[in-house]
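S.K.: Protein chains in written order, with our numbering: chain A, 1 to 354; chain B, 1 to 452.
Where is the CB? At the ideal position from N, CA and C, for every residue including glycine.
Bear in mind that the values here come from a model prediction, so they are computed numbers and not experimental data.
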């Protein structure tokens, strides 16, 4: 068993001694496969630099001959041009396994349930959220069925509230359900029913809600507050607040950060999360907001080992849920255009930053 | 001075009615009284005064103390009666243009300047002096003014207006000035401005400019922005002598002023572009002592990091920057990139073969050009200016002086004060096309300035 596979087999939220050997293995493979990445690693001797994600969008790496791509994941592109993550079969399986292990480590999907996916049907999209969740759900023994309530059409996302509601009612009549996907779409269902005078739609006991992405910009003009959503959804669907969890992730990162019952996004054993001051490259004090840097030694077919994201976050230890793993708190995205002044706007007018 | 926050279009329209009335009163005030008012205002802005201290407290977070002190000193200097008179004479052609009819040598044709009426100034938040300058310009041209503050306004415009009120012991101008604020997305209010203002001066970004297109506005529309500050450095220049000035121009307004250089075109001879990039990096380190860099936000740091990293990864530019700080970055482009980074003392150095190539390199930015800092040997200035003007530049400054003047020089191709008045002619008639046998001497005499 390779160090990477040993790491994946570790307890999901405990300290894993396999982490550093896995990093070394991953780095060695990437060095060999991506000479430009090796040059980047050697740029400043003694340092292990993180790849800043905007780089991947503008200058993607050429794929080496020994990598056979089986899937290309895309980001949602809600904050600009979508990025693309190519994966071979082995790395794809690791990603699915990692997410499945995170779910299991948090005791999710402990009983049989029907999945109602408020996600684009994976047959119609390459968005990472849809593809990875679909693959994970299919591997979860307690997931009896999966129904997709949205799809990517030729003109963009398509979501039909009435059809989704009918599917939801049908599934709920069979037993516990898991609503999984974009909170904006779930909100749309609740809003539609409330407008029609229905204030509740209790789901069978044991049901749960797993949200992911789209808190700010999934639907134009419909910003969502996570705490408010949790309160509303809990009352509307009669699901305890502790059974409403959010997932934080990005298409470039094989680790997904799933909320514990206390609402904290714990960092699994195969990841290291740091909140970084990009000026110094060092961690900001615990609890302070920095740029989220992730080291995840699970991808050997593309240089995603250590990435500096465009997300702001804080990282802390000591959650009341009992897990020993640190947890991160997302604090929004970096925004590029700071002031709409005459000297700033020209940047956009003439083509933006390099 | 209270900030006017109109809730309805009616309220705003009413304010225009009041301003129009006050503007008529302002028209009859002689220049001497306006100069007197500025003369009383000037001492209020000397170092150590209450207003000066308040302004320092307001402004030294976004700007360095040195920049704020210099700007306030420049503002006070600009209110010196002698300088105002010299500036007015230069901008308007004659100092009494708004006060008296000037006859031609035959006493037949007469010319005089009239204010536009009520001028709305849509202010930007990039440089804090904008509102104060707009106020002074309105006074000098005897226009009533509605200043719509930017949402990023520092508070300085209100402070300056307050000082004007304190100095306006005769109550000449107070009623002719309104400081207003509303959400720029409030189209019903914007529409009132478009339909009521006799003059509209729009400062700022593309959004502000697009909101007030000339064809939808009743009055004269003057757009200032958005702009890209550039520089041109030519072979033969004494590089070491100009580097401190270039760094000064980059740092003074943190590249938020229209004139702040962000793109430097450098003649590619004797390794000049690389020498300049290295030297400018050093000069930007030194200028930290004059203009202490502000603390960058996480967003700004992210932006600087992306510029530096993308330059390295794309191979489009070599990065000259301190490894442990993000307060400035010099990028030496390997080819024409067509992309200029934003703010945070980031400068793109682009090599060009000669003046013709510089002119061509500026073509994509033509609509955004205004000020060029020119670093060249004296003998090359005229040729360089000609090339810059052909490219679309309207102001040329020596290194270290990109944002030094605001009165007495044209702004964007014309004198700003002249744009705020209308030249009116009175023709008593002479020559073969005039009806003969008329007696108009008495009228000519009546139009003659009283002093004559």
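Between the C-alpha atoms of residue 84 of chain B and residue 83 of chain A, what's the straight-line distance to the nearest angstrom?
M.R.: Position 84 of the second chain, counting from 1, holds the residue named residue 84 of chain B. Position 83 of the first chain, counting from 1, holds the residue named residue 83 of chain A. Straight-line spacing of the CA atoms in residue 84 of chain B and residue 83 of chain A works out to 57 Å.
S.K.: For residue 325 of chain B and chain A, any beta-carbon pair shorter than 9 Å?
M.R.: Looking up residue 325 of chain B in the second chain gives position 325. Any Cβ of chain A closer than 9 Å to the Cβ of residue 325 of chain B would place that residue at the interface, and such an atom is present.
S.K.: Note down, in chain order, every chain A residue with its Cβ under 7 Å from the Cβ of residue 318 of chain B.
M.R.: The count along the second chain starts at 1 and reaches residue 318 of chain B at position 318. Residues of chain A whose Cβ lies closer than 7 Å to the Cβ of residue 318 of chain B do not exist, since the nearest Cβ in that chain is about 12 Å away.
S.K.: Helix, strand or coil for residue 10 of chain A? Go by DSSP, reduced to three states.
M.R.: If you number the first chain from 1, residue 10 of chain A lands on position 10. It is coil, neither helix nor strand.
S.K.: Do residue 192 of chain B and residue 16 of chain B have their C-beta atoms within less than 9 Å of each other?
M.R.: For the purposes of this step, residue 192 of chain B is identified with residue 192 of the second chain, where counting begins at 1. For the purposes of this step, residue 16 of chain B is identified with residue 16 of the second chain, where counting begins at 1. Taking 9 Å as the Cβ cut-off, residue 192 of chain B and residue 16 of chain B qualify as a contacting pair.
S.K.: Just to confirm my understanding: we take residue 220 of chain A, look at its own chain, exclude 5 residues before and 5 after, and list those with CB closer than 6 Å. What are they?
M.R.: Position 220 of the first chain, counting from 1, holds the residue named residue 220 of chain A. For residue 220 of chain A, the predicted structure reports a pLDDT of 49, less than 50, and the residue's modelled location is therefore unreliable. The matter cannot be settled from this model.
S.K.: Quick one: using the 10 Å Cβ neighbour count with 16 as the cut-off for buried, is residue 45 of chain A buried or exposed?
M.R.: For the purposes of this step, residue 45 of chain A is taken as residue 45 along the first chain, with counting starting at 1. Burial call: exposed.
S.K.: Short of 6 Å in beta carbon distance, which residues of its chain neighbour residue 64 of chain B, apart from the five on each side in sequence? Order them along the chain.
M.R.: Indexing the second chain from 1 puts residue 64 of chain B at position 64. Same-chain partners within the cutoff: 291, 292.
S.K.: Give the list of continuous alpha helix (DSSP H) stretches no shorter than 4 residues that lie fully inside the stretch 100-140 of chain B.
M.R.: 130-140
S.K.: Checking 9 Å against the spacing of the C-beta atoms, do residue 211 of chain B and residue 226 of chain B come in under that value?
M.R.: One-based indexing of the second chain puts residue 211 of chain B at position 211. One-based indexing of the second chain puts residue 226 of chain B at position 226. Their beta carbons are not under 9 Å apart, which means residue 211 of chain B does not touch residue 226 of chain B by this criterion.
S.K.: Beta-carbon within less than 8 Å of residue 154 of chain B's beta-carbon, same chain only, minus the 5 sequence neighbours each way: which residues are those?
M.R.: On the second chain, position 154 is the one that residue 154 of chain B refers to. Closer than 8 Å at the Cβ level, and outside the excluded window around residue 154 of chain B, lie 58, 59, 62, 125, 128.
S.K.: Answer with buried or exposed for residue 112 of chain A, where buried requires no fewer than 16 other C-beta atoms within 10 angstroms of its C-beta.
M.R.: Counted from its first residue, the first chain places residue 112 of chain A at position 112. Looking at its Cβ environment, which holds fewer than 16 other Cβ atoms inside 10 Å, residue 112 of chain A is exposed.
S.K.: Is residue 55 of chain A close to chain B, meaning its C-beta is less than 9 Å from at least one C-beta of that chain?
M.R.: Your numbering for residue 55 of chain A matches position 55 in the first chain. Yes, contact with chain B.
S.K.: Output yes if chain B places a C-beta closer than 9 Å to the C-beta of residue 277 of chain A; else output no.
M.R.: To locate residue 277 of chain A, count along the first chain from 1; it is residue 277. So, interface residue.
S.K.: Could you check whether the Cβ of residue 291 of chain A sits closer than 9 Å to any Cβ belonging to chain B?
M.R.: Against the first chain, residue 291 of chain A aligns to sequence position 291. It does: the Cβ of residue 291 of chain A has a partner Cβ on chain B nearer than 9 Å.
S.K.: My output table needs one value for residue 218 of chain A: the three-state DSSP class, helix, strand or coil.
M.R.: Reading the first chain from its first residue, position 218 is the one you call residue 218 of chain A. Annotation note: pLDDT 48 at residue 218 of chain A (below 50); position unreliable, no value reported.
S.K.: Select from A:7, A:186, A:308, A:9 the residue whose C-alpha is nearest the C-alpha of residue 149 of chain A.
M.R.: Residue 149 of chain A sits at position 149 when you count from the first residue of the first chain. Selected option, being the one with the closest Cα: A:186.
S.K.: Between the alpha carbons of residue 139 of chain B and residue 217 of chain B, how many angstroms are there, rounded?
M.R.: Reading the second chain from its first residue, position 139 is the one you call residue 139 of chain B. Reading the second chain from its first residue, position 217 is the one you call residue 217 of chain B. The alpha-carbon atoms of residue 139 of chain B and residue 217 of chain B are separated by roughly 23 Å.
S.K.: Looking at the secondary structure, which residues open and close the alpha helix (DSSP H) in which residue 104 of chain A lies?
M.R.: In the first chain, counting from the first residue as 1, residue 104 of chain A sits at position 104. Looking at the DSSP string, the run of the alpha helix (DSSP H) that includes residue 104 of chain A is 89-105.
S.K.: CB residue 298 of chain A to CB residue 4 of chain A, shorter than 9 Å?
M.R.: To locate residue 298 of chain A, count along the first chain from 1; it is residue 298. To locate residue 4 of chain A, count along the first chain from 1; it is residue 4. For residue 298 of chain A and residue 4 of chain A, yes; Cβs fall inside 9 Å.
S.K.: Below 8 Å, can you find three or more Cβ-Cβ pairs linking the stretch 29-47 of chain B to the stretch 78-94 of chain B?
M.R.: yes
S.K.: Are the beta-carbon atoms of residue 182 of chain A and residue 213 of chain A separated by less than 9 Å?
M.R.: Counted from its first residue, the first chain places residue 182 of chain A at position 182. Counted from its first residue, the first chain places residue 213 of chain A at position 213. Result yes, Cβ atoms of residue 182 of chain A and residue 213 of chain A sit closer than 9 Å.
S.K.: Between residue 275 of chain B and residue 228 of chain B, how many whole angstroms is the CB-CB distance? I'm expecting something under 8 Å.
M.R.: Within the second chain, residue 275 of chain B is the residue found at index 275, counting from 1. Within the second chain, residue 228 of chain B is the residue found at index 228, counting from 1. Rounded, the Cβ-Cβ distance is 24 Å, inconsistent with contact.
S.K.: List the residues of chain B whose Cβ lies closer than 7 Å to the Cβ of residue 52 of chain A, in chain order.
M.R.: Locating residue 52 of chain A in the first chain gives position 52, where the first residue counts as 1. Per Cβ cutoff of 7 Å: 305, 306, 309.
S.K.: Taking residue 146 of chain B and residue 120 of chain B to be in contact with their CB atoms under 8 Å, please state how far apart those CB atoms are, rounded to whole angstroms.
M.R.: Numbered from 1 along the second chain, position 146 holds the residue referred to as residue 146 of chain B. Numbered from 1 along the second chain, position 120 holds the residue referred to as residue 120 of chain B. Rounded, the Cβ-Cβ distance is 5 Å, consistent with contact.
S.K.: Just to make sure I have the definition right: I need the residues of chain B whose C-beta is within less than 8 Å of the C-beta of residue 58 of chain A. Which are they?
M.R.: Here residue 58 of chain A corresponds to residue number 58 of the first chain, with the count starting at 1. What residue 58 of chain A touches in chain B: 310, 313, 314.
S.K.: Just to confirm my understanding: we take residue 328 of chain B, look at its own chain, exclude 5 residues before and 5 after, and list those with CB closer than 6 Å. What are they?
M.R.: Here the question's residue 328 of chain B lines up with position 328 in the second chain. Here the set comprises 284, 345.
S.K.: From residue 89 of chain A to residue 269 of chain A, what distance separates their C-alpha atoms?
M.R.: As a working mapping, residue 89 of chain A is identified with position 89 in the first chain. As a working mapping, residue 269 of chain A is identified with position 269 in the first chain. Roughly 22 Å between the two C-alpha positions.
S.K.: Is there a C-beta anywhere in chain B that falls below 9 Å from the one on residue 272 of chain A?
M.R.: Against the first chain, residue 272 of chain A aligns to sequence position 272. No - not a single Cβ of chain B is within 9 Å of the one on residue 272 of chain A.
S.K.: How would you write the range of the alpha helix (DSSP H) that residue 52 of chain B sits in, first residue to last?
M.R.: Taking the second chain and counting its residues from 1, the one referred to as residue 52 of chain B is at position 52. Residue 52 of chain B -> alpha helix (DSSP H) spans 50-59.
S.K.: Which residue comes first and which comes last in the alpha helix (DSSP H) that contains residue 20 of chain A?
M.R.: The residue you call residue 20 of chain A lines up with position 20 of the first chain. Note, residue 20 of chain A: alpha helix (DSSP H), 19-33.
S.K.: DSSP three-state call for residue 173 of chain A: helix, strand or coil?
M.R.: Looking up residue 173 of chain A in the first chain gives position 173. Here residue 173 of chain A sits in helix by DSSP.
S.K.: Would you report the Cα separation of residue 72 of chain B and residue 288 of chain B, rounded to the nearest angstrom?
M.R.: Your numbering for residue 72 of chain B matches position 72 in the second chain. Your numbering for residue 288 of chain B matches position 288 in the second chain. Between residue 72 of chain B and residue 288 of chain B, the C-alpha separation is close to 20 Å.
S.K.: List, in order along the chain, the chain B residues whose C-beta lies closer than 8 Å to that of residue 335 of chain A?
M.R.: Taking the first residue of the first chain as 1, we reach residue 335 of chain A at position 335. What residue 335 of chain A touches in chain B: 299.
S.K.: Taking C-beta to C-beta, are residue 37 of chain B and residue 168 of chain B nearer than 9 Å?
M.R.: Locating residue 37 of chain B in the second chain gives position 37, counting from the first residue. Locating residue 168 of chain B in the second chain gives position 168, counting from the first residue. For residue 37 of chain B and residue 168 of chain B, yes; Cβs fall inside 9 Å.
S.K.: Buried or exposed: residue 130 of chain B, going by 16 or more other Cβ atoms within 10 Å of its Cβ?
M.R.: Taking the second chain and counting its residues from 1, one reaches residue 130 of chain B at position 130. By the C-beta density criterion, residue 130 of chain B is buried, having at least 16 other C-beta atoms within 10 angstroms.
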